[in-house]
Structure formats: C-alpha cells, structure tokens
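Protein chains in written order, with our numbering: chain A, 1 to 565; chain B, 1 to 328.
What follows is a set of notes on a single structure, which appears directly below.
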Amino acid sequence: MTIGIVMLVHNTLDRAEQVARHWTAAGCPVVMHVDMNVPKKTFAAFQKSCSDNSLIVFCKRHRCEWGAWGLVAASQSASELMLQNFPDVRHVYLASGSCLPLRPVQELIDYLAARPRTDFIESATTADVPWTVGGLDHERFTLRFPFSWKKRRFLFDRYVDLQRRLRIKRKIPTGLIPHMGSQWWCLTRQTLSAILQDPERETYDRYFKRVWIPDESYFQTLARQYSSNIESRSLTLSKFDFQGKPHIFYDDHLQLLRRSDCFVARKIWPKANRLYQAFLTDQAGAMKKTEPNPGKIDRIFAKAVERRTRGRDGLYMQSRFPRHGNENGLTSNPYSIFQGFTELFEDFEPWLAKASGARVHGHLFGPERVEFSGGQTLINGALSDSAKKRDYDPQSFLTSLIWNTRGERQCFQFGPADTQDINWLSARDPNAQISVIAGAWAVPLFKSNRDFADIRKEAALLQKIESDHLEILRSVWTKARVRIWKMAEFVEAPMEPIQTIVDEIGPTIPRRLSEAPTMVDLTGFGQFLQNLKNQGMHPYLMGDFPVEQAPVNMSRPSRKPYLVR
Amino acid sequence: MRVRRRRRLLRCMRKSRELRSVQNNTAAIRPNDVILVSTFRNEKVRLPYFLRYYRDLGVDHFLFVDNDSTDGTLDYLNGQRDVSVWNTKHSYKRANFGVDWMNWLQRTYGNDHWTLVVDPDEFFVYPFCDTRPIQALTDWLDNSSIRSFSAMLVDVYPKGKLDENPYQEGQNPLEIASWFDSGNYTIKKNATYGNLWIQGGPRSRVFFPETPKSAPALNKIPLVKWTKRYAYVSSTHALLPRGLNQVYDEWGGEKASGALLHTKFLDTFTAKAQEEQSRKQHYAGSREYAAYADKLSEHPELWCKWSEKYINWRQLEILGLMSKGNWA
Chain A
1 MTIGIVMLVH NTLDRAEQVA RHWTAAGCPV VMHVDMNVPK KTFAAFQKSC SDNSLIVFCK
61 RHRCEWGAWG LVAASQSASE LMLQNFPDVR HVYLASGSCL PLRPVQELID YLAARPRTDF
121 IESATTADVP WTVGGLDHER FTLRFPFSWK KRRFLFDRYV DLQRRLRIKR KIPTGLIPHM
181 GSQWWCLTRQ TLSAILQDPE RETYDRYFKR VWIPDESYFQ TLARQYSSNI ESRSLTLSKF
241 DFQGKPHIFY DDHLQLLRRS DCFVARKIWP KANRLYQAFL TDQAGAMKKT EPNPGKIDRI
301 FAKAVERRTR GRDGLYMQSR FPRHGNENGL TSNPYSIFQG FTELFEDFEP WLAKASGARV
361 HGHLFGPERV EFSGGQTLIN GALSDSAKKR DYDPQSFLTS LIWNTRGERQ CFQFGPADTQ
421 DINWLSARDP NAQISVIAGA WAVPLFKSNR DFADIRKEAA LLQKIESDHL EILRSVWTKA
481 RVRIWKMAEF VEAPMEPIQT IVDEIGPTIP RRLSEAPTMV DLTGFGQFLQ NLKNQGMHPY
541 LMGDFPVEQA PVNMSRPSRK PYLVR
Chain B
1 MRVRRRRRLL RCMRKSRELR SVQNNTAAIR PNDVILVSTF RNEKVRLPYF LRYYRDLGVD
61 HFLFVDNDST DGTLDYLNGQ RDVSVWNTKH SYKRANFGVD WMNWLQRTYG NDHWTLVVDP
121 DEFFVYPFCD TRPIQALTDW LDNSSIRSFS AMLVDVYPKG KLDENPYQEG QNPLEIASWF
181 DSGNYTIKKN ATYGNLWIQG GPRSRVFFPE TPKSAPALNK IPLVKWTKRY AYVSSTHALL
241 PRGLNQVYDE WGGEKASGAL LHTKFLDTFT AKAQEEQSRK QHYAGSREYA AYADKLSEHP
301 ELWCKWSEKY INWRQLEILG LMSKGNWA
C-alpha cells in the first residue's frame, strides 16, 4: 500500500519535476496536472523530460484560474487517473507544484498506513470560521459567479450586488451541507472514489461550477457525505496573509521549517535553492536534529499580518502615515505633561526626577529652545534643541521624542507661553497624562521686575491661551488622563494630588517578580480542540495547538532582557 | 495629471537626443531581469564597490548615463557585459536633474521590468536583503500586486572629520561612514502628487538648523515595475501616475519598505561640494551645496552622541525607519 500524489502545476515546471522525482523515488506514483495556460511546447518538453519515470503520468489538462472550477476539474481528472492506474494507492495526496515535502516520504507513508481509514481534509461549516476575505462566506454557495474575480472584478461585484438586491438564491442540492477548508487534502481511496463515482456527481458538479472558489469547498463538502472518519486538518502547512494569499517560504525559513513538524509545506519560492536542497537530498538529516516547534511559524506569520494591518503604535514613517483617527495609538508610550508645577515649586524638576525615576525635561516647547533634561542640545534619535526645527513640525517632534525614548518615561513642563500646536494631539492621546495647575503662569510674572503694563498685557495673553487649552482638555474628544486644579485649590493641599500623579507614573524599574505563576496542565488540550474541529466547529481564537504533542514545557525560560532604545 | 505625465514623456523623448550610446549591451536583458538605472559624473572611485554590491543583490543589468566624466569612468566600464552606458555633455539641470534621461532609458529598456533608480552613493537595503536576493522581493511584490516600493534616504556619515579616513576604490563606504540619525525626521503629505515628503537627518540637523524647510527631501521610490506610461517627476521622490506614490498605509498598518543608505559624506565630499556649487547644476541653484560649502569651511562634525551605528536592516526595522510590512 502506498500513497499517490496528485500534483497541480502551472509554472516553474523544473521544480515540480524535482519534487515529483523525489516522491517517486520513495515509490509514490505522481499524477501531474499541467495548467492549460502553459504553452504546448513547454508542456511537451516537460512531458518528455519526465518520460523516463514510469511513476509519473500526466492527466487531461484543464484551464485553471484562481477561484474558478478549473482547479476542481483538474483534481478530479488527476484523481480518477490515479485510482485507475495505481491500484496500490490507498491515500491520495493533493499537492501543488510549489509544495515541498519536509519529512521523509517514508514517514508520511507510515503515518497514513497507521490511519488507513482517515481522511485528512480541513472542513468546517461557514458559520464557524472567519476565514473568508472579502465578505463572501455563505453567499459563496447561494449566489452565482459567472464572472472572473481577477479579470472582471467590476462585473463580478455588480453581479453579486444585483443578486443580493433581487434576493436571488440558488438552491443547494439536497443533502449537502456546505463546508469549507484548505484546498490541500489527503483522502482515502474509499472516500475519493465514492465522490468521483457518485451517481449524483453530475448534479453536484453543475452546482459547484457556479460556486465561488469551489476548490475550497467541493471536496470539503462532499467528503462529509462519505467519509467515515474525517480528521479536519490539512497535512500541508500553509499560511495566509491578510488578503488571503499564501505566504512564501525562503531559504532563511530553513530552521523554521525544520521545526514545523509538518509533512508538506507550501508555498516555496522557486529559487529557494537551499530549501530544495536541504529537504530533497538530505531529508532525514534535515528534520531529525531539532525539536518540533510548529507554533513558531504560526507566530511569525500572525505577526506579519498584524504589522500590515495594525502597525506599531505611535510610529510615523515612510510606509505608515495614518490618517487622522486611524493612528491606533497616537504615540508609542505613556508620558506626562506638567503645566504650572515649575512655576509653583522651586525645584520641581529634580524633585520629580528623583521621586518618579522618570526623565524630566523642562519646557520642551519653550519659545527660545527645547529644554531637554540636563541642558542637553541633542537627545535620543539625534533630535535637536533648535526651536525652529521643532516648530517646523511640533507634533512630529513630540511623537518622535516619545518613539525614540521607548522604555523610558518622559515628563515635561508645558505652559501658555510655549508652542501650542501639540494641544490636540496630546489631548486625544490616551498615553498622555496631563496635569494642569490653572493660572500658575501668573507666579513668574508676579516675581518679575517688569512694567505693570507689560505684565498685564502678557497675563491677558497667557490667560487666553491657557483657557483655550483647557477648553480642549475638557472637550469630548479628549482621551488623555487629565487633571486640572485651580491654583488656589491646589495650594491648599498640594501633596495629595502630587502623590496621585507620581503613583500613576509608577517606578520606572518595577520590582522583578521572583517567581513565575504556575500554568494549568494543558495535556490533551490540542486534542480537545481537534475534536471540536472534527465536529465542524473550528475554534480559532486560541491559535494553533498541535494535536499530538507533549504537554507545554513548563521549565522557566531564562530570558535575557532585550532593550530597545 | 495625465497632461503632466504626457508632457514628461514627450520631454524625455526630446531629451533623449542628448544621449550618445557608448556601450549598448541591452540585447542581453532577459524578461524578468531587474535593471538598475543611474546617472553620474566623476564617480569612478565609487563604481567598483557599487557594481559589486548590486550584482550581489541580484541586479541583472545596469543602465548608466555618464554626464561628461573626466576621471576615466568610461574606460573603467568598457567591456563590462551587464553594463550599458550613454554619454552626454548636456546640462544635468536642464534635463530636470537627469530625470528626463532616466525616464527615457526606463521607457526604452525597462518596460515590464522591475527598475531600480539609485545614485552611485546610494545603497539599497530592503527587508531580508541579507538572506534573499532582490528577485525574491520583486517576485513577492508581483505576487501581492504592488507596483512600487519605497526606500527612504538614510544619510550615513563617519565619526570625526570627513577627510580623516580617505575612501579607497573598491572599499565598502559603510566601513567609513557607518553612523546615522535614527529619529529626527518629519513627514508631510504632498497634496499634488500624493507622495510623502520626508525631511530631517544629519543634513537638516547640521546644515539647515535655522531653515528646516529648505532641507533636502529624503523620501524616494526607487523600485518600480516599469511600464512605458510611467514617469518620474522630480528625482525619484514622486512618480506619475499618482497611484504609484501610494507606498504608505493610511489606516494604521505598515506597508513593506526599505532604505537607501546615502554614503555622500566621505572625504570626496568637500571637493564635490565645491565643484557642484560653482557648476550650479543642482536643485534650487545648488542651494544645498551652497549650504554645505558654507559649513564645510568650519569642518563640522556630523557625528553626535546620539548617532546610531549601522548594523543591518533589522536595526532599521526596529528603529522604525523601514518595515517588513506583511512580508515574512
């Protein structure tokens, strides 16, 4: 008994041949389906170069287009040929030309031999999973899709709209419950032949020809009809990005793939020579050395999707420049703004630095220069103290400062005499802690030795500016942690509010926890999730748990502190 | 906008008459080749390392415009199979600072190719550039239906005086100029073309402390899947049609982007600045070069306590100067 590989190929034929020969070397027959879009000449040359290998056969060619019926037709033709030509075959594995077997073929053969009745096909009802990109889930099965999504997007969308408006619905053939899942399956001869030889097949085929992306639903749905034992997962490792396109593996993923514990991975960059070399020539050596850690791949690709869709909070750069309101965090870290404190206390800045452990600047937005802590002229990221440069873009100055000093709490003084352009930014920012002693700007004026007319004029100006600022701070759009005291009120009991503020800033070096909390025993959790999947209900919020795996290793990892300035 | 684009294209056709072919190996360009386009004057000392760097990245063909070099550049390039050279004695400035020439070269030889437009002192880095060739990037961009790729200029400079460590032909300039500014950039959006306008870095910090507005632009879109309809507008800062300038995400996410390490500040810089100031062939009457020459007499030091030493692209990624986007 062996397994047969059905391989759908549309480009990089040389890689496909390389992989096919690898399968056949282990005794697995390969049926190739070459896309009709491949020119005749190329196909003939390809066929010729494989002709010395009796285990590689070619089936009838169909024109394959993403999301259309061709892919299913191709799988059908190839599977029929496989079942007919190779009676030894018990499992049929559907793969593409850019799939790469990671573990020795014999291991896959043994694995399947131990599970002779199991069909490996990811198959879930539409209601249970949020896989679909683009908003079509159940409607895939109830609308018609005669237009190509890739080439005729406009007609595709209009026709969907029209059907929705007219409430046209197709009838799903009786007895079928639509299921979806990865298009890469591995089915037993029994199940596959039952699907292909079904007396109702013509009805089903006619129905699925007009379903959207039938390659993700045809076998997935019909397998539910016949299989006695569905293991709802794909044996092929395949990760998708936020647009539903598969992630591609490169040479530098070698270590990752070694630890993936999967039989087959897709998709591989055709020029990833090291991967092909490692996994096709020295397979046993490639996999055996390392402990499997499939979760790592999951994390890396999940992170990539998050970076693309959410990005890093508080970062403004060449390829991330969010519109107003879409910032996902206006700044990267918490910071504190003090208004009126230096005016009221003589040595407020050094005192605060000592009490809070944070970095305390003077008036960063002062009119003369940027008063960095300690009188520095430059600070992290080579931000300069030139007031002109700062005022060229004050908001970017603030966000850059907070970004550059990630990991260290920043505090600075502010007042009505300063550049006011950051008022909305800081007010809208949940990271900002703004404490205002209203009216404290009057103290330096009071102490100064100037003409009263000047003082009055200045006071009027400052008051106006501060009242505008307070209005912003009291507006409904304000998300910052704002505290405003009237100066009089503050002076009566100053310590209590100051204590609150400093407590909120917290010590910058939190006391390290001496012991890690004990985790609950997770043995069997993966199986539990798998059982849910087998029932057609896919739990996705917790991420990928391996099914057959030792319990989570509880030894405490000795993590080195990793500092990013 | 369409009129503007057409005008650019007509102009580049007209200006193409100024170019005289010296060495044309373009017959060797195969489909899917990545093509590098560059204009220079008297940069022979930089070319050996430049060519090596980009050949190692996987660039398949080089299209050069030599603007009347007198240092034997043409002799050096003579006979290199993957290099095609055009020569011109005409004004760099009147060819829209070389853009017209390059638009024509790209239009003629770069149609349906990924083309990378860089100066000889610019070194392109992109996510995973230490492990994946440039074709991995362009294949991925093709796969994701992305037509243009942004790479911001990051000025690198030496520690100490500029002429302390003379640059030797063939040497990696990053060995000398290995420091950069990590977090003093400002970004504005250009409403006309939709591109971002980035300023800052050491040039703004040292040469334009009082007039940050006139500091040079650092945003660049050097890598484009070219078609005959495209045209650069001003250097590689902006393109037409405008959709190509949308290399940034506006909904909070990060698109993939790279950086151009700009190794202008070597010992060769002082002489260059003086020459360019008198030639008046650069943008805004060589205002930038006037500022340099002015300051250079004082032997300024670009390095400061907060300068970062360049390590690799991952460092630039962590610092937020570039991003992997959803490429993993």
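From the three backbone atoms N, C-alpha and C, an ideal C-beta is built for every residue, glycine too.
Item	Value
At 8 Å on the CB atoms, spell out the chain A contacts of Y289 (chain B), in chain order.	Within chain A, no residue comes near Y289 (chain B); the closest Cβ sits about 21 Å away, beyond 8 Å.
By DSSP, does F242 (chain A) sit in helix, in strand, or in coil?	coil
With 16 as the cutoff for other CB atoms within 10 Å, does N431 (chain A) come out buried or exposed?	buried
Any beta-carbon of chain B closer than 8 Å to the one on E515 (chain A)?	Interpretation of E515 (chain A) is limited by its pLDDT of 49, a score under 50 that renders its predicted location unreliable; no figure is taken from the coordinates.
Would the beta-carbon of R90 (chain A) fall within 8 Å of that of T188 (chain A)?	yes
Buried or exposed for V233 (chain B), please, with buried defined as at least 16 other CB atoms from any protein chain shown within 10 angstroms of its CB.	buried
Expressed to the nearest angstrom, what Euclidean distance is found between the alpha-carbon atoms of E327 (chain A) and R310 (chain A)?	9 Å
Report the neighbours of R55 (chain B) on chain A: residues whose CB is nearer than 7 Å to its CB, in chain order.	Residues of chain A passing the Cβ test: none, with the nearest at roughly 16 Å.
Do three or more CB pairs link the segment 50 to 69 of chain B to the segment 93 to 102 of chain B at distances below 8 Å?	yes
Just curious, the alpha helix (DSSP H) that V19 (chain A) is in, first and last residue?	L13 to A25
State the Cα-Cα distance for the pair Q225 (chain A) and G70 (chain A), rounded to the nearest angstrom.	22 Å
Can you name the residues that DSSP bridges to W485 (chain A)?	A:I437
For T131 (chain B), return the contacting residues in chain A, with the cut-off set at a CB-CB distance below 8 Å.	Y250, D251 and D252
Strictly under 8 Å for the Cβ-Cβ distance: is G311 (chain A) near chain B by that measure?	yes
Taking the alpha-carbon positions, what's the I35 (chain B) to D130 (chain B) distance?	20 Å
Which whole-angstrom value is the C-beta distance of G340 (chain A) and V436 (chain A), which I expect to be below 8 Å?	6 Å
Where does C411 (chain A) fall in DSSP's three states?	strand
Give the C-beta separation of G362 (chain A) and Q413 (chain A) to the nearest angstrom, bearing in mind that I take them to be a contact with Cβ-Cβ under 8 Å.	5 Å
Per DSSP, which one or two residues make a beta bridge with A259 (chain B)?	B:V125 and B:M152
Thinking C-beta only, is T419 (chain A) closer than 8 Å to F365 (chain A)?	yes
Return the Cβ separation of L470 (chain A) and A438 (chain A) in integer angstroms, given the expectation that the two are a contact with Cβ distance under 8 Å.	6 Å
Here's the rule: buried if 16 or more other CB atoms are within 10 angstroms of the residue's CB, otherwise exposed. What is S514 (chain A)?	With a pLDDT of 43 at S514 (chain A), under the threshold of 50, the predicted position of this residue should be treated as unreliable, though the coordinate-derived value follows. Per the 10 Å Cβ criterion, exposed.
At the level of alpha carbons, what is the spacing between S49 (chain A) and S217 (chain A)?	34 Å
Output, in chain order, the set of chain B residues within a Cβ distance shorter than 8 Å of A304 (chain A).	K324, G325, N326, W327 and A328
Taking only the alpha-carbon atoms, compute the straight-line gap between D75 (chain B) and A27 (chain B) and give it to the nearest angstrom.	21 Å
Can you tell me the Cα-Cα spacing of S278 (chain B) and K93 (chain B), whole angstroms?	13 Å
Applying the 10 Å Cβ sphere with the 16-neighbour rule, what's the burial state of G201 (chain B)?	buried
Name, in chain order, the residues that DSSP records as bridge partners for N67 (chain B).	B:T88
If you draw a straight line from the alpha carbon of I297 (chain A) to that of P133 (chain B), how long is it in whole angstroms?	22 Å
Using a C-beta to C-beta distance shorter than 9 Å, which residues of chain B count as neighbours of L315 (chain A)?	E254, G320 and S323
Taking the alpha carbon of Q240 (chain A) as the reference point, which residue from A:L280, A:I505, A:R233 and A:S182 has its own alpha carbon closest?	The question names Gln, but residue 240 (chain A) in the sequence shown is Phe. F240 (chain A) has its Cα closest to that of A:S182, out of A:L280, A:I505, A:R233 and A:S182.
Which residues does DSSP pair with K225 (chain B) in a beta bridge?	B:W114
Using 8 Å as the limit for Cβ to Cβ distance, is V59 (chain B) near chain A?	no
Go ahead and pull the three-state DSSP assignment for C12 (chain B).	helix
Quick one: what does DSSP say C50 (chain A) is sitting in, helix, strand or coil?	helix
Which value, in whole angstroms, describes the spacing of the CA atoms of A177 (chain B) and T263 (chain B)?	7 Å
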